[in-house]
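Start counting the sequence shown at 1; every next residue gets the next number (full-length UniProt numbering).
We put the beta carbon where it would ideally sit given N, CA and C, even for glycine.
Contents: one structure, followed by commentary.
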Amino acid sequence: MQLLQLQYFLTVARIEHMSQAALELNVSQSSLSKTIARLEEDLGVPLFDRQGRKIKLNAYGEIFAKAAKEALVGLDNARSQIQNLANITEDRVTVSVMSSKILPHVFKSFYLKRPNVKIHQSILPDSVAKERLITGEIELCISNSPITGPDIIWLPVLKEQLELIVPHNHPLAMFDEIDLKQARHERFISYQSGSTATNMIEKCCHDAGFEPNIIFEGTELSIVLQMVNEGEGITFYPQYSFLEENLKNTKRIKIRNPDCYQMVGFAWMKTRNYSYVAKQFRKHMIHEFEEINKGNS
1 MQLLQLQYFL TVARIEHMSQ AALELNVSQS SLSKTIARLE EDLGVPLFDR
51 QGRKIKLNAY GEIFAKAAKE ALVGLDNARS QIQNLANITE DRVTVSVMSS
101 KILPHVFKSF YLKRPNVKIH QSILPDSVAK ERLITGEIEL CISNSPITGP
151 DIIWLPVLKE QLELIVPHNH PLAMFDEIDL KQARHERFIS YQSGSTATNM
201 IEKCCHDAGF EPNIIFEGTE LSIVLQMVNE GEGITFYPQY SFLEENLKNT
251 KRIKIRNPDC YQMVGFAWMK TRNYSYVAKQ FRKHMIHEFE EINKGNS
């Protein structure tokens with residue numbers, strides 16, 4: 001006997017009409033009829049008296065309907081008690097993220113498991129995200145630069161490759177792949193979402209054997225990329241950014257040498273007692289990012 005059978009049975013008992021009950025349940029009449037028939041077969045007795053299109057509970061059905069209602073109420077009460085015990089309020093999870101085309105799919109896969117949880121998402125500079133993480137205004141931070149502190153756990157999960165992005169009429173645009181040292185005399189536009197973002201750009205250039213000529217430094221990647229789109233310089237393009245469709249006047253170039261990448265990771269407070277839902281959200285997000293990272297290996 002299945003929970004769905006009980007729910008279907010009680011709907012038919014209340015409406016006393018098979019086709020109207022099927023309409024309310026958003027199932028086909030034949031599927032509903034088969035479900036009720038299987039239930040009656042399991043019990044070994046009919047539960048309804050059929051009078052044309054109208055159906056009505058018989059004596060067996062009255063007894064079973066009373067027991068089914070009590071069972072569903074009991075299960076619902078147990079669910080509430082378990083959620084209270086686990087500190088589940090079905091309210092919201094607050095998270096700060098970086099701009100990434102990965103996130104919509106990952107959020108969707110979480111909603112398939114917990115459709116009643118509200119996700120409050122923001123895109124904050126890492127310094128602001130760190131402050132709000134400490135104060136408890138956000139419960140999780142996903143960023144492409146480490147967020148560290150005495151009571152902060154930082155877990156790097158996903159290796160995100162970086163490519164060079166240049167104006168389409170730039171001399172380097174003739175190449176699909178280059179050694180980064182070929183860009184040693186170029187004007188770089190950098191973005192610094194956190195304390196180490198610029199260091200990441202500088203590290204790539206240093207690994208290639210030169211000091212980058214950084215002419216502009218911003219905190220918003222979309223603005224930096226638009227400046228490249230306007231022909232003001234070149235920069236690095238993160239593998240999972242969703243901003244490329246707005247950059248009609250640019251070309252992305254793979255970097256052959258050195259290996260340029262940034263690590264995407266998760267930060268949360270190790271001293272805070274998070275709700276069950278917040279823990280499950282964090283576990284889900286980390287798992288999904290790890291699976292993407294495995295796919296890239």
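Practice task
Verify the CB distance criterion: does residue 140 have a CB-CB separation below 9 angstroms to chain D?
Solution key: Among the protein chains of the structure shown there is no chain D, as only one such chain exists.
Problem - Inside the stretch 244-274 only - beta strand (DSSP E) runs reaching at least 3 residues - result: 250-257, 261-269
Problem - Range of the contiguous alpha helix (DSSP H) that encloses residue 49 - result: From DSSP, residue 49 is part of no alpha helix (DSSP H) but of the beta strand (DSSP E) over 48-51.
Problem - 6 angstroms Cβ shell around residue 289 - same chain, five flanking residues per side excluded - result: 157, 158
Exercise for the section: In the DSSP assignment, find the unbroken alpha helix (DSSP H) run with residue 295 in it and report its ends. Expected result: 276-296
Handout entry: Three-state secondary structure assigned by DSSP to residue 124
Key = coil
Problem - C-beta contact flag for residue 274 and residue 164 at 9 angstroms - result: no
Exercise for the section: With residue 221 as the anchor, note down where its alpha helix (DSSP H) starts and where it stops. Expected result: 221-229
Exercise for the section: Determine contact between the stretch 173-193 and the stretch 249-261, defined as no fewer than three beta-carbon pairs at a distance below 8 angstroms. Expected result: yes
Practice task
Jot down the residue ranges of each uninterrupted alpha helix (DSSP H) in the UniProt domain "HTH lysR-type" (1-58), minimum 4 residues, whole runs only, in chain order.
Solution key: 3-15, 18-25, 29-43
Exercise for the section: Return the CA-CA distance between residue 66 and residue 15, expressed in angstroms with no decimal places. Expected result: 16 angstroms
Problem - Beta-carbon contacts of residue 62 that lie in its chain and below 7 angstroms, excluding the five residues immediately before and after - result: none
Problem - Spatial neighbours of residue 21 in its chain, beta-carbon cut-off 6 angstroms, leaving aside the 5 residues before and after - result: 11, 12, 15
Exercise for the section: Determine, using beta carbons only, whether residue 207 and residue 260 come nearer to each other than 9 angstroms. Expected result: yes
Problem - Separation of residue 229 from residue 146, as counted between CA atoms - result: 28 angstroms
Exercise for the section: Buried or exposed for residue 51, please, with buried defined as at least 16 other CB atoms from any protein chain shown within 10 angstroms of its CB. Expected result: exposed
Practice task
Please name the residue or residues paired with residue 117 in a DSSP beta bridge.
Solution key: None, per the DSSP bridge assignment.
Exercise for the section: Answer yes or no: do residue 95 and residue 242 have a C-beta to C-beta separation smaller than 9 angstroms? Expected result: no
Practice task
Compare the C-alpha of residue 277 against each of 24, 69, 91, 47 and name the closest.
Solution key: 91
Practice task
Using the DSSP secondary-structure output, state which residues sit across from residue 305 in a beta bridge.
Solution key: In this structure the chain extends from 1 to 297, so residue 305 is not present and cannot be described.
Exercise for the section: Would you be able to state if there are at least three C-beta pairs under 8 angstroms between the stretch 213-232 and the stretch 104-121? Expected result: no
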